[in-house]
Amino acid sequence: MVTPFDLGGKRILLVGATGILGAEFARALAESGASLTLADLESSTVHALGTELGVGAVSIDVTDEASVAEAVADAVAAHGGLDGVVSNAAITSEAMMIDGESFPPFEDYPLAAWQRTLDVNLTGTFLVAREAGRAIKHAGGGSVVLTSSVYGVIAPDHRIYHGQPFQSFPGYSASKAGVVGLARWLATWWGEDGVRVNALSPGGITSGQPKEFVDRYSARTPLGRMAMSQDISGALLFLLSDASSYCTGQNLIIDGGLTAW
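Quick note on this note's numbering: the sequence shown kicks off at 1 and runs consecutively.
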């Protein structure tokens, strides 16, 4: 029996498919029966992951307008259209290290590092939403999901980063807040076309961080732990499915209660 949560046959493009969260999204979508295309950098494992899951895979650089347009066109051609897109590409904290060292204080933060973060997290999301949203509109409607972050809603507690080999960096919070704003703007722009647009904001996800950091972060959440990548997939499937047919312009926060304090 088909349920409102069913994604069988829905044509979905997942951009940013090979990270900790993206790979879990890819597996969840493949298991749901979606007609799936994965997209990530050519240097990533996206093609191997596509082969593993038995789904299509294309290369994309979200900072390159032509690359985004080509990847979306390839996904549309492969499935005859698009019913949904997940814009999940984001720059990692490791990629933002300055000369291999921990981040400098904000007072000395380089403009180039700030701009690079916005290019990937915000401008890249804009390009994916524009190109894929056009295709979804042409298909008669569907769902656009933009991955934001709990740090696009609240500020980080910088104390939990003291002594860690990584820090929360300013462009991340600013860009992720921008993603939420973009989702709301697009929801009102495309509402009459049947294109729903929502943001999905995960809390911190465990991915091999030092125990001291995990303990500090976990103590800040009512559920007493960091998220696992699997904790976020259900929310994604909801937003892409017809179960969320009256949900648009929202930011769904999955953070273990962090923002409830």
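We put the beta carbon where it would ideally sit given N, CA and C, even for glycine.
The model shown is predicted, which means the values in this text are computed figures rather than measured ones.
Should alanine 39 and valine 58 be called a contact, given that it needs their Cβ atoms to be closer than 7 Å? yes
Once DSSP output is grouped into helix, strand and coil, what is the label at asparagine 270? The requested residue 270 does not occur in the structure, where the chain is confined to residues 1 to 261.
Opposing strand residues paired with valine 58 [DSSP bridges]: Residue pairing by DSSP puts valine 58 in a beta bridge opposite Ala39.
Per DSSP, which residues does threonine 147 bridge with? Please list them. Per DSSP, Leu200.
Straight-line Cα distance separating arginine 130 from alanine 28: 25 Å
What would DSSP say about alanine 227, mapped onto helix, strand or coil? strand
Those residues which DSSP pairs with asparagine 121 across a bridge: Answer is none; asparagine 121 lacks a bridge partner.
Report yes if the C-beta distance between leucine 258 and valine 150 is below 7 Å; otherwise report no. yes
For arginine 134, which three-state DSSP category applies? Three-state result, arginine 134: helix.
Helix, strand or coil for valine 15 per DSSP? strand
Is alanine 71 buried or exposed, if buried means 16 or more other CB atoms sit within 10 Å of its CB? buried
Buried or exposed: lysine 211, going by 16 or more other Cβ atoms within 10 Å of its Cβ? exposed
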